[in-house]
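*Asks:*
Protein chains: 2
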Amino acid sequence: MISPKSTKKQRPRTHAEINEYRRKSLVEGALRSLAEYGVSGTTVSTICTAAGSSRGLLGHYFATKDEVMVAALEYLFGQISLMVKESLDKFDGTAVEKLHQMPSVLFTAPVFTQLNRTAFLALWHETRFNDQVRVANRQLYRNYILRVERMFTAAARELGLKIDARRAALGLIAVSDGLWLGLSIHDDVITGEQAIEICQNYITRELKLD
Amino acid sequence: MISPKSTKKQRPRTHAEINEYRRKSLVEGALRSLAEYGVSGTTVSTICTAAGSSRGLLGHYFATKDEVMVAALEYLFGQISLMVKESLDKFDGTAVEKLHQMPSVLFTAPVFTQLNRTAFLALWHETRFNDQVRVANRQLYRNYILRVERMFTAAARELGLKIDARRAALGLIAVSDGLWLGLSIHDDVITGEQAIEICQNYITRELKLD
DNA sequence: AAATGTTTGTTGAACGTCCAACTTTTTTAT
DNA sequence: ATAAAAAAGTTGGACGTTCAACAAACATTT
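Residue numbers (the working numbering), protein chains in the order written: chain A, 2 to 211; chain B, 2 to 211.
(1) Among the candidates Ala155/B, Asp90/B, Glu75/B and Glu18/B, whose CA atom is the shortest distance from the CA of Tyr142/B?
(2) Within this structure, are the beta carbons of Gly179/A and Ala175/B separated by less than 8 Å?
(3) Please list the residues of the region 93-126 of chain A that have a C-beta atom closer than 8 Å to any C-beta atom in chain B, keeping them in chain order.
(4) Does any CB atom of chain A fall closer than 8 Å to the CB of Lys10/B?
(5) Terminal residues of the continuous alpha helix (DSSP H) containing Leu173/B?
(6) Roughly how many angstroms lie between the CA atoms of Leu59/B and Val71/B, to the nearest whole one?
(7) Would you decide whether Pro111/A is buried or exposed? Buried here means 16 or more other CB atoms lie within 10 Å of its CB.
(8) Please confirm whether Leu35/A and Ala170/A have their CB atoms less than 8 Å apart.
(9) Specify the secondary structure class of Ser110/A as computed by DSSP and reduced to three states.
(10) Could you check which residue in Ala51/A, Glu127/A and Leu116/A has the C-alpha nearest to that of Arg23/A?
(11) Ile186/B: buried (16+ other C-beta within 10 angstroms of its C-beta) or exposed?
(12) Mind pulling the chain A residues with CB within less than 8 Å of Thr128/B?
(13) With 8 Å set as the bound, which would you pick, yes or no: does the beta-carbon of Ala175/A sit closer than that to a beta-carbon of chain B?
(14) Assign Leu83/B to one of three DSSP states: helix, strand, or coil.
(15) Rounded to the nearest angstrom, what separates Arg206/B and Ser55/A at their Cα positions?
(16) Can you tell which of Asn20/B, Leu116/B, Glu68/B and Val45/B has its C-alpha closest to the C-alpha of Val237/B?
(17) Might you give, ordered along the chain, the residues of its own chain that have their beta carbon closer than 7 Å to the beta carbon of Gly161/A, omitting 5 neighbours on each side?
(18) Please say whether Phe108/B and Ile197/B have beta carbons closer to each other than 8 Å?
(19) CB Arg118/A to CB Leu184/A, shorter than 8 Å?
(20) Looking at Leu89/A: is its Cβ nearer than 8 Å to the Cβ of Val106/A?
(21) Quick one: is Leu171/B near chain A, going by C-beta distance under 8 Å?
(22) Label Ala64/A either buried or exposed according to how many other C-beta atoms from any shown protein chain fall within 10 Å of its C-beta, with 16 as the threshold for buried.
(23) In whole angstroms, give me the CA-to-CA distance for Thr154/A and Asn202/A.
(24) Looking at chain A, is there any beta carbon in it that lies within less than 8 Å of the beta carbon of Gln80/B?
(25) Since Leu100/B and Arg33/B should fall inside the 8 Å C-beta cutoff, what is the C-beta to C-beta distance between them, to a whole number of angstroms?
(26) Of all the options Val136/B, Lys91/B, Tyr145/B and Leu27/B, which has the alpha carbon lying nearest to the alpha carbon of Ser177/B?
(27) Could you list the residues in the region 144-160 of chain B with a C-beta less than 8 Å from some C-beta on chain A, going in chain order?
(28) Under the assumption that Ile48/A contacts Leu77/A (Cβ atoms under 8 Å), give the Cβ distance between them as a whole number of angstroms.
(29) Of all the alpha helix (DSSP H) runs that stay within the bounds of the region 22-94 of chain A, which reach a length of 4 or more residues?
(30) Sorted by chain position, which residues of the same chain lie with C-beta nearer than 8 Å to Cys200/B's C-beta, five sequence neighbours on each side aside?
(31) Is there a C-beta anywhere in chain A that falls below 8 Å from the one on Gly30/B?
(32) From Glu21/A to Phe130/B, what does the alpha carbon distance come to, in whole angstroms?
(33) Spatial neighbours of Lys9/A within its chain, please: C-beta separation below 7 Å, excluding the five flanking residues on both sides.
(34) Give the DSSP-derived three-state secondary structure of Thr205/B in the structure shown.
Written out as structure tokens, the structure reads:
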């Protein structure tokens, strides 16, 4: 059984704080339950236990379990996007260097954790079988593709290259998704370092740098 | 509700035939139930209904539901491997041409069907949360990597090239897995043709043909 | 004291497993 | 070759469990 995540800040007092805290707890609890037990093993009980609340509280914040799943997907996707963005912003370099740096961010902590990988796999499954989750994921996915596409466009402009930025973006996302999911199951087949190498190799060739 | 698949051959008579027929029916029923309802929606009832048998029969052929899942993964993986192998054997060409042809096989029917894609995603999820399925998948995956690696080795030898065949194989598998799973959710984001193009593009660059 | 947040109790439906009765095929005895 | 016995295959209901959703009671903040 998952134990509730230890809270760093002290327990919130006002209603506004409580609302935010509980919603976040429940969403994070859902992610941890999904990562631990999978889709079929995740129930309202396991989510609430992981969130450190009682069984019934979920109904206070979400109308249905599906709604929690949507919120969990948006939260996970948003957190990862934010972490990637922050890491790349911190990394001060050209557009080419930033693009090249991206796989390192994707395949190291705090993005590349067992929790994130496994929860992502479970939610990916949900995306196929849960209409609400699918709709939410489609939009997130579209935006993700656009962001990567823009990175390729910027890098190509820097190099004075003409490339098919969309195809390049789709390819890179496919490679990294494939490695993310493959690695989420078989840690012993590929290491994170190899994954980074494969992705960087892809970028290098797409930008004709070799 | 899924209707049982229409049988082409007439009803089997001998015990040996019946055993084979029923086992296959149940495994295919499991795949169709997984593709239709996902992991959480697949029950002994849905499997047996899809297989055209009564609820109780599953216990006669498999000790547990998990055992059916393992059999379903092995069956699906085996069927796809066989179809790819047959398509490539039929295609009479050099090792380079065969490798180049592989994505076309992976991303067109009868390999690239909604049933196969969706069942595969569901089983991939199972692989993470079901020990028996994970063990089975690990071996299947290893063999798959080795086969693709050998194709790259053969192609490189033909071209008089020195390449990292294993990394090339892992990369191609990652791309195609990513596209398979991405496409199985969002048909409108990428088409099969684009997926083939992206994979062939990867192979071309790995073999330094551009 | 009113509103909001939270826990606990209840309900009906659906689940997987088990199993006793039934049908069909195969073996044995004549 | 035929009939009886045995084995194998199949069915659907009973059982105990678990679930999501609902309802009611309790606690805390405003």
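Backbone N, C-alpha and C fix where the C-beta goes; we use that ideal spot for every residue, glycine too.
Please read these numbers as outputs of a predicted model, since none were measured by experiment.
*Replies:* To lay it out plainly:
(1) Taking the second sequence and counting its residues from 1, one reaches residue 142/B at position 141. Nearest of Ala155/B, Asp90/B, Glu75/B and Glu18/B to Tyr142/B, Cα basis: Glu75/B.
(2) Along the first sequence, read from residue 1 onward, the residue named residue 179/A stands at position 178. Along the second sequence, read from residue 1 onward, the residue named residue 175/B stands at position 174. Yes; because the gap between Cβ atoms is below 8 Å, this pair is in contact.
(3) Per Cβ criterion, the list reads Thr119, Leu122, Ala123, Trp125 and His126.
(4) Sequence index remark: in the second sequence, residue 10/B carries index 9 (1-based). Because the pLDDT of Lys10/B is 46, which lies under 50, any placement of that residue in the model is unreliable, and the question is left without a value.
(5) Residue mapping note: residue 173/B aligns to position 172 of the second sequence, counting from 1. In this chain, the alpha helix (DSSP H) harbouring Leu173/B covers Ala166 to Ile186.
(6) Counting from 1 along the second sequence, the entry for residue 59/B is found at position 58. Counting from 1 along the second sequence, the entry for residue 71/B is found at position 70. Each residue's Cα considered, the two are about 14 Å apart.
(7) Taking the first sequence and counting its residues from 1, one reaches residue 111/A at position 110. Looking at its Cβ environment, which holds fewer than 16 other Cβ atoms inside 10 Å, Pro111/A is exposed.
(8) Stepping through the first sequence from its first residue, residue 35/A is reached at position 34. Stepping through the first sequence from its first residue, residue 170/A is reached at position 169. Against a cut-off of 8 Å, the Cβ pair of Ala170/A and Leu35/A comes out as no contact.
(9) By 1-based counting over the first sequence, the position of residue 110/A is 109. As written in the sequence, residue 110/A is Ala, which differs from the Ser given in the question. Residue state, collapsed to three classes: coil.
(10) Working through the first sequence from its first residue, we reach residue 23/A at position 22. When each option's Cα is compared against that of Arg23/A, the closest is Ala51/A.
(11) Here residue 186/B is taken as the residue at index 185 of the second sequence, counted from 1. Looking at its Cβ environment, which holds 16 or more other Cβ atoms inside 10 Å, Ile186/B is buried.
(12) Counted from its first residue, the second sequence places residue 128/B at position 127. Those are Ile186, listed as they occur along chain A.
(13) By one-based count along the first sequence, residue 175/A stands at place 174. With 8 Å as the cut-off, Ala175/A counts as an interface residue toward chain B.
(14) Within the second sequence, residue 83/B is the residue found at index 82, counting from 1. DSSP, read as helix, strand or coil, puts Leu83/B in helix.
(15) Stepping through the second sequence from its first residue, residue 206/B is reached at position 205. Stepping through the first sequence from its first residue, residue 55/A is reached at position 54. Each residue's alpha carbon lies about 55 Å from the other.
(16) This structure does not reach residue 237/B, given that chain B is present from 2 up to 211, and the question cannot be answered.
(17) The sequence position of residue 161/A within the first sequence is 160, counting from 1. Closer than 7 Å at the Cβ level, and outside the excluded window around Gly161/A, lies no residue.
(18) Position 196 of the second sequence, counted from the start, is the residue given in the question as residue 197/B. Position 107 of the second sequence, counted from the start, is the residue given in the question as residue 108/B. Yes, the Cβ-Cβ distance between Ile197/B and Phe108/B is below 8 Å.
(19) Reading the first sequence from its first residue, position 117 is the one you call residue 118/A. Reading the first sequence from its first residue, position 183 is the one you call residue 184/A. Cβ atoms of Arg118/A and Leu184/A: closer than 8 Å.
(20) Taking the first residue of the first sequence as position 1, residue 89/A is located at position 88. Taking the first residue of the first sequence as position 1, residue 106/A is located at position 105. Going by C-beta atoms, Leu89/A is nearer than 8 Å to Val106/A.
(21) Walking along the second sequence from the start, residue 171/B turns up at place 170. It does: the Cβ of Leu171/B has a partner Cβ on chain A nearer than 8 Å.
(22) The residue given as residue 64/A occupies position 63 in the first sequence. Result: exposed.
(23) Along the first sequence, one-based indexing puts residue 154/A at 153. Along the first sequence, one-based indexing puts residue 202/A at 201. Straight-line Cα distance between these residues: approximately 18 Å.
(24) Locating residue 80/B in the second sequence gives position 79, counting from the first residue. No, Gln80/B does not count as interfacial toward chain A.
(25) Here residue 100/B is taken as the residue at index 99 of the second sequence, counted from 1. Here residue 33/B is taken as the residue at index 32 of the second sequence, counted from 1. Not quite, the Cβ-Cβ distance comes to about 32 Å (not below 8 Å), so this is no contact.
(26) As a first step, residue 177/B must be located in the second sequence, where it is residue number 176. When each option's Cα is compared against that of Ser177/B, the closest is Tyr145/B.
(27) Those residues of the region 144-160 of chain B placed with their C-beta closer than 8 Å to a C-beta in chain A are Ile146, ordered along the chain.
(28) If you number the first sequence from 1, residue 48/A lands on position 47. If you number the first sequence from 1, residue 77/A lands on position 76. Approximately 14 Å separates the beta-carbon atoms of Ile48/A and Leu77/A; this is outside 8 Å, ruling out the contact.
(29) 45-52, 59-62 and 66-91
(30) Counting from 1 along the second sequence, the entry for residue 200/B is found at position 199. So the list reads Met103, Pro104, Leu107, Phe108, Leu173, Val176, Ser177 and Leu180, once near-sequence residues are dropped.
(31) Position 29 of the second sequence, counting from 1, holds the residue named residue 30/B. Not an interface residue.
(32) By 1-based counting over the first sequence, the position of residue 21/A is 20. By 1-based counting over the second sequence, the position of residue 130/B is 129. Taking the straight line joining both Cα atoms gives about 31 Å.
(33) Sequence index remark: in the first sequence, residue 9/A carries index 8 (1-based). Low confidence applies here, because Lys9/A scores a pLDDT of 43, under 50, leaving its location unreliable; read the following figure in that light. So no residue of the chain qualifies.
(34) Numbered from its first residue, the second sequence carries residue 205/B at position 204. Correct three-state label for Thr205/B: helix.
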